[in-house]
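Data first, discussion second: the structure below is written as structure tokens.
Numbering (our numbering), first residue to last: 24 to 129.
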């Protein structure tokens with residue numbers, strides 16, 4: 024974890040990991056660093072991105088992007104809305120990983 028983002032391995036079936044922004048900077052600015060970390064952990068697949076600290080928008084909070092084991096193909100990024108049951112799961116993951124409560128969904 025850095026001061027700007029946190030990478031968490033996910034137990035949500037459709038996402039291999041989650042990247043949570045922790046500052047007013049966009050986590051997109053850290054894709055090189057994040058991709059090195061994910062590669063070192065041999066993680067590849069869909070990654071859930073939480074931009075709330077950056078944009079403070081509940082409607083534009085989450086995006087997903089593919090990670091091929093080396094890079095994020097930018098063409099694969101898209102906004103997603105989480106279903107209610109998934110929000111509870113995300114909150115539990117945040118609690119277990121020391122994410123600030125101000126970022127909890129419920």
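Where is the CB? At the ideal position from N, CA and C, for every residue including glycine. Quick caveat: nothing in here was measured; it's all calculated off a predicted structure.
8 Å contact criterion, which residue 73 and residue 44 should meet: CB distance rounded: 6 Å
Touching by the beta-carbon criterion (3+ pairs, under 8 Å), the region 60-67 and the region 97-114: Between the region 60-67 and the region 97-114 there are fewer than three inter-stretch CB-CB distances shorter than 8 Å, so the stretches are not counted as touching.
Within 8 Å, strictly: CB atoms of residue 69 and residue 110: no
Own chain, CB closer than 6 Å to residue 24, minus 5 neighbours either side, in chain order: Unreliable placement is indicated for residue 24, whose pLDDT of 48 sits below 50; the coordinate value is still reported in the next sentence. Result list for residue 24: empty, nothing under 6 Å.
Sequence-distant residues of the same chain with beta carbon closer than 6 Å to residue 26, five excluded per side: none
Residue 112 vs residue 35 beta-carbon contact at 8 Å: Contact: yes.
For residue 73, the three-state DSSP class (helix, strand or coil): strand
For residue 77 and residue 50, believed in contact at Cβ under 8 Å, the rounded distance: 7 Å
Nearest residue (CA-CA) to residue 64, options 82, 120, 30 and 122: 30
Anticipated Cβ contact below 8 Å, residue 95 with residue 54, distance rounded: Separation of the CB atoms of residue 95 and residue 54 is rounded to 5 Å, and the pair is thereby assigned contact status at 8 Å.
Residue closest to residue 92, alpha-carbon to alpha-carbon, out of 81, 56, 79 and 101: 56
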